[in-house]
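Down below is the structure, laid out as structure tokens.
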Amino acid sequence: MEVPEIVGQDEAIQILDRELTSGKVSHAHLLWGPSGSGKTLLARRFVLALNCAERRETGPGSRARLWFCGECCHCRKIMSDSHPDFNIIVPEGDSIKIDQIREMQSRISRKPNESHLKTWLLDGADHLTEEAQNCLLKVVEEPPGDAAIILTAENPGLLRPTVVSRCQRVRLSTVDPARVREWAELTLGVSAERARFLAALSGGLPGQVIKLASDDAYFALRKTIISTVRTVLGCGSGAKAIRTSSELLDALKKAADREDGPAVRGIASPEGAMDVIAGWFRDLFVRSVPGGEELVTNLDWMSELEEDSSRYSVKTFERLAARAMRVGRALRGNANARLAFDDFFLYLALLH
Numbered sequence: 017m018e019v020p021e022i023v024g025q026d027e028a029i030q031i032l033d034r035e036l037t038s039g040k041v042s043h044a045h046l047l048w049g050p051s052g053s054g055k056t057l058l059a060r061r062f063v064l065a066l067n068c069a070e071r072r073e074t075g076p077g078s079r080a081r082l083w084f085c086g087e088c089c090h091c092r093k094i095m096s097d098s099h100p101d102f103n104i105i106v107p108e109g110d111s112i113k114i115d116q117i118r119e120m121q122s123r124i125s126r127k128p129n130e131s132h133l134k135t136w137l138l139d140g141a142d143h144l145t146e147e148a149q150n151c152l153l154k155v156v157e158e159p160p161g162d163a164a165i166i167l168t169a170e171n172p173g174l175l176r177p178t179v180v181s182r183c184q185r186v187r188l189s190t191v192d193p194a195r196v197r198e199w200a201e202l203t204l205g206v207s208a209e210r211a212r213f214l215a216a217l218s219g220g221l222p223g224q225v226i227k228l229a230s231d232d233a234y235f236a237l238r239k240t241i242i243s244t245v246r247t248v249l250g251c252g253s254g255a256k257a258i259r260t261s262s263e264l265l266d267a268l269k270k271a272a273d274r275e276d277g278p279a280v281r282g283i284a285s286p287e288g289a290m291d292v293i294a295g296w297f298r299d300l301f302v303r304s305v306p307g308g309e310e311l312v313t314n315l316d317w318m319s320e321l322e323e324d325s326s327r328y329s330v331k332t333f334e335r336l337a338a339r340a341m342r343v344g345r346a347l348r349g350n351a352n353a354r355l356a357f358d359d360f361f362l363y364l365a366l367l368h
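Under my numbering, think of the first position of the sequence shown as 17, with each following residue one higher.
Right under this line is the structure:
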């Protein structure tokens, strides 16, 4: 099994490398950053470096950039998810539950079977229930010396501060779009133009590029969302706004119910669709500012952006983008989707 390249994240890699080369590795790590930044990939590579027999034989200071041989028994088993001392915990449904952490708690005190370490990866730790976090706290407060626990999270603010404080924190960020573009061309084999488009649309997140590159349903739903907004904007009809709002919510629900790829699932929710809408108005704003074309993300809609940019002022587009972002935040706070969409589309329709 080939281990994919980690694009960017040089600072995060260096932090983990310094621990490895010093020989003093923290018992618990929290790798956090946006979806698609490479948290899980970096965590798995760190696990390989921690357990690689070749690395241990040559000494902790002999390698860099999370080097592992890929050939020893530990590397091969970890890469195939068959190592008895490497365990992965992921959410069951929407959360990581207390029973999953209790099982880890009962097993972590045992001696390793084959490696010198017992390693646990809690992938999506910000989905731990409150009870599971309380149980995890007991583990990270007094871990055995032959155990390593790695947490990944998009939003570490959802974790208890006492859990976070006991972890070595490593942040992953977005990657320079130029670097993502070059990587997409070389690794995914897409054209330079499509690589530029995917890099911009992903927001500098390689994982998102991979999802987008193979998810046609995403682009179909995105087209529906943007076309709906363009149809309603300034139409002057409140009835049309309400009808269109309802039709879009129905389309989102149908898309969410289908077994489509992860990219389309990200925009099939009301808040995800509102992110697309906010991005559209943001592009209209930057498109209207001198030199702003380089910041456009919806590069496949440039002719429509040019057409719409003359309809309203720069200030209006800025206001619309800000309003869409506020609605998105409200939806994430469990606001009523139908009321929020109706209000937003009425505002668009009656805009002068």
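Where a beta carbon is used, it is the ideal one built from N, C-alpha and C, also for glycine.
**Of the listed residues A340, D299, E309 and Q25, nearest to P286 (C-alpha basis)** = A340
**Request:** Run the CB neighbour count on P172, radius 10 Å, all protein chains shown included, and call it buried at 16 or more, exposed below.
**Result:** buried
**Request:** Report the rounded CA-to-CA distance for R195 versus G24, giving the unit in angstroms.
**Result:** 8 Å
**Request:** Can you grab the Cα-Cα spacing for the pair V71 / C85, in whole Å?
**Result:** The sequence as given places Arg at residue 71; Val does not occur at that position. Cα to Cα, R71 sits roughly 7 Å from C85.
**Request:** Round the Cβ separation of L137 and V63 to the nearest angstrom and send it over; I've been treating them as touching at under 8 Å.
**Result:** 7 Å
**Request:** Assess, as a yes-or-no matter, whether the segment 165–184 is touched by the segment 40–56 under the definition of 3 or more beta carbon pairs within less than 8 Å.
**Result:** yes
**Message:** How far does the alpha helix (DSSP H) with L144 in it extend, from its first residue to its last?
**Reply:** Taken as a continuous stretch (DSSP letters only), L144 belongs to no alpha helix (DSSP H), as it is neither H nor E.
**Closest residue to K269 among G54, A289 and A257 (Cα-Cα distance)** = A289
**Item:** Cα-Cα separation, E119 to E146
**Value:** 16 Å
**Asked** Alpha carbon to alpha carbon, what distance is there between V245 and W296?
**Response** 9 Å
**Request:** Rounded to whole angstroms, what's the CA-CA distance from R212 to V156? Just pull it up for me.
**Result:** 43 Å
**Request:** Tell me whether G254 counts as near the ligand GDP, meaning its Cβ is closer than 7 Å to at least one heavy atom of that ligand.
**Result:** No copy of the ligand GDP occurs in the structure displayed, which carries no ligand at all.
**Asked** Under three-state DSSP, which class holds S319?
**Response** helix
**Item:** Boundaries of the beta strand (DSSP E) in which T168 is found, first to last residue
**Value:** A163 to A169
**Prompt:** CB L217 to CB A229, shorter than 8 Å?
**Reply:** no
**Request:** Round the Cβ separation of Q184 and A44 to the nearest angstrom and send it over; I've been treating them as touching at under 8 Å.
**Result:** 7 Å
**Message:** Quick check on G24 - is its C-beta less than 8 Å from some C-beta in chain B?
**Reply:** The question asks about chain B, but that chain is absent: this structure has only one protein chain.
**Prompt:** Helix, strand or coil for T244 per DSSP?
**Reply:** helix
**Prompt:** Got a sec? Which residues, its chain only, sit under 7 Å from L32 by beta carbon, not counting five neighbours each side?
**Reply:** F62, L82 and V186
**Prompt:** Quick one: what does DSSP say V186 is sitting in, helix, strand or coil?
**Reply:** strand
**Asked** Could you give the distance in angstroms between the alpha-carbon of V41 and the alpha-carbon of R345?
**Response** 38 Å
**Asked** Between E130 and P100, is the Cβ-Cβ spacing less than 8 Å?
**Response** yes
**Asked** For G70, does the three-state DSSP call read helix, strand or coil?
**Response** In the sequence on display, residue 70 carries Glu and not Gly. DSSP places E70 in helix when its eight states are reduced to three.
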